[in-house]
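Here the structure comes first, spelled out in structure tokens, and everything after it is commentary.
Protein chains in written order, with the working numbering: chain A, 1359 to 1621; chain B, 1359 to 1621.
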């Protein structure tokens, strides 16, 4: 028997409400869509409140294992399509509890690291860029992503989607730029700020010590704090048009340069 | 006086038709939306057939210079919103003639290059990925992007958009993988194929000679031809989840490693 057949069901409305930041902030909940994303969330210990599913859309048969023993509702095709924000839904969507990590968590996380490898994303505006940065952090083996003075929230459905679930595998810390600046100074971690105006190339500086890569907002770049006080301002060559790389691509290039130097 | 006020105007319908690949292929035309994109197309000598504009949306006053002396139609707000595929239109959209470049063009282009720097994208499916690859090619100073056995067409509106106009600044060549394979052999250019199975790290091989970076499709990776015959198969470390990087991110990392080694 299908639990939810009508798109007017109040549970469906609740999911749609959680697409709004205001509601996510008030309820401290967010949405996770997709098998891969939900699997990573579960493995990372994210608290799943409710799962909505539609077996018709399942690609394989592992999906039911994720649902097992968790509060869940089966949906009609129409009901699931209403809550899905994908072109091709795979039949899984969950309401989950946000996880908040702060600088005390970061301190614990770095306790046994000889050369911390951090990335700081300041005032990023586009959820998709934040998601891509998380994928690169995951791939490059970065210890944590610190989101400073956020414009978009990390639990935006498009961040979850663009991160393909690496939002749950990479530790994400929330802090203000000022707090983070003090943290780095105290921990002896060098700030490597990406800015087109820097004289040194990103690949000409030593990234094997404890460092934090800092990427500024798409529209305004880095704030004055990082622009004026970064230990190592670096630039990425742009041989063609001045603005060919976006914030997420710049992050990917810098993160992998760290990995290369440390290999 | 506004030339086009109704969304039912046949000229509006023609623009909408050009969103379809079949129509683009038949007419050998495509769409360019946006000031930056159109400016780059004009500077690159792309033949502009018609410009549609809506002054209400203009951000600055340079837009009119682009329109000057070109066949153009002013549109009402409603008519322009109908043809725009952006959330925030900037009031410019053009129909342009496709430019086709083949291996003879590539040969001419490379005539005076001592160490050619090429990128080959094989059977890429997502227009957005092709657009991002073009941005990275532009930034890294790659000599040309060769699109082999294409699945998505390079003149898809989403490729144009994701490329932010670098589709016009980077020479784009169309060829089959087999033709391209022969071309590289004859020209003495080494093929560097990105594949997760390669034993050598991308950063451990010499990329200062004439090389072509080869990236395979999102879903299937490289074809047998490149998998079995590449001169230098290379892998990119993925420290976290196995699939954290997509084709466009892998391309960006490899392209910038070439630039780094050649700096």
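All C-beta atoms in this analysis are idealised placements derived from N, C-alpha and C, irrespective of residue type, glycine included.
Test item: CB-CB of residue i and residue j under 8 Å
i                      : j                      : result
residue 1547 (chain B) : residue 1603 (chain B) : no
residue 1489 (chain B) : residue 1516 (chain B) : yes
residue 1483 (chain A) : residue 1510 (chain A) : yes
residue 1534 (chain B) : residue 1589 (chain B) : no
residue 1552 (chain B) : residue 1592 (chain B) : yes
residue 1432 (chain B) : residue 1391 (chain B) : no
residue 1569 (chain A) : residue 1584 (chain A) : no
residue 1522 (chain A) : residue 1401 (chain A) : no
residue 1398 (chain A) : residue 1527 (chain A) : yes
residue 1507 (chain B) : residue 1481 (chain B) : yes
residue 1437 (chain B) : residue 1514 (chain B) : no
residue 1561 (chain B) : residue 1607 (chain A) : no
residue 1504 (chain B) : residue 1531 (chain B) : yes
residue 1329 (chain A) : residue 1499 (chain B) : No answer is possible for residue 1329 (chain A): it lies beyond the span of chain A, which begins at 1359 and ends at 1621.
residue 1605 (chain B) : residue 1586 (chain B) : no
Closer than 8 Å to chain B by CB, residue i
i                      : result
residue 1611 (chain A) : yes
residue 1393 (chain A) : no
residue 1607 (chain A) : yes
residue 1614 (chain A) : yes
residue 1383 (chain A) : no
residue 1363 (chain A) : no
residue 1417 (chain A) : no
residue 1574 (chain A) : no
residue 1527 (chain A) : yes
residue 1396 (chain A) : no
residue 1524 (chain A) : yes
residue 1617 (chain A) : yes
residue 1335 (chain A) : Within the shown structure, residues of chain A are numbered from 1359 to 1621, placing residue 1335 (chain A) beyond reach of any answer.
residue 1581 (chain A) : no
Residue-level contact to chain A via CB, residue i, 8 Å cutoff
i                      : result
residue 1491 (chain B) : no
residue 1359 (chain B) : no
residue 1461 (chain B) : no
residue 1595 (chain B) : yes
residue 1621 (chain B) : yes
residue 1578 (chain B) : no
residue 1494 (chain B) : yes
residue 1497 (chain B) : yes
residue 1553 (chain B) : no
residue 1444 (chain B) : no
residue 1598 (chain B) : yes
residue 1450 (chain B) : no
residue 1464 (chain B) : no
residue 1468 (chain B) : no
residue 1565 (chain B) : no
residue 1561 (chain B) : yes
residue 1602 (chain B) : yes
Residue range of the alpha helix (DSSP H) that includes residue i
i                      : result
residue 1359 (chain B) : Neither: residue 1359 (chain B) is in no alpha helix (DSSP H) and is coded neither H nor E.
residue 1455 (chain B) : Not the alpha helix (DSSP H): residue 1455 (chain B) falls in the beta strand (DSSP E), residues 1450 to 1455.
residue 1611 (chain A) : 1605 to 1620
residue 1391 (chain B) : Looking at the DSSP string, residue 1391 (chain B) is not in any alpha helix (DSSP H); the run it does join, the beta strand (DSSP E), is 1387 to 1391.
residue 1441 (chain A) : 1435 to 1441
residue 1515 (chain B) : 1515 to 1520
residue 1461 (chain A) : 1461 to 1467
residue 1425 (chain B) : 1421 to 1425
residue 1583 (chain B) : 1582 to 1587
residue 1525 (chain B) : 1524 to 1527
Integer-rounded CB distance, given that residue j should sit under 8 Å from residue i
i                      : j                      : result
residue 1486 (chain A) : residue 1520 (chain A) : 4 Å
residue 1450 (chain A) : residue 1421 (chain A) : 6 Å
residue 1502 (chain A) : residue 1542 (chain A) : Their Cβ separation, rounded to whole angstroms, is 12 Å, which puts residue 1502 (chain A) and residue 1542 (chain A) out of contact at 8 Å.
residue 1393 (chain B) : residue 1448 (chain B) : 5 Å
Delimiting residues of the beta strand (DSSP E) encompassing residue i
i                      : result
residue 1413 (chain B) : Careful: residue 1413 (chain B) lies outside any beta strand (DSSP E) and carries neither H nor E.
residue 1480 (chain B) : 1475 to 1480
residue 1531 (chain B) : 1530 to 1533
residue 1550 (chain B) : 1548 to 1552
residue 1299 (chain B) : Nothing can be reported for residue 1299 (chain B): it is not among the residues displayed for chain B, which extend from 1359 to 1621.
residue 1595 (chain B) : Neither: residue 1595 (chain B) is in no beta strand (DSSP E) and is coded neither H nor E.
Residue i in three-state terms, based on DSSP
i                      : result
residue 1485 (chain B) : helix
residue 1376 (chain A) : coil
residue 1403 (chain B) : coil
residue 1512 (chain B) : coil
residue 1368 (chain A) : helix
residue 1492 (chain B) : helix
residue 1502 (chain A) : strand
residue 1559 (chain B) : strand
residue 1602 (chain A) : coil
Residue i CB to nearest heavy atom of the ligand NAD below 7 Å
i                      : result
residue 1384 (chain A) : The ligand content of the structure shown is nil, which means the ligand NAD is not present either.
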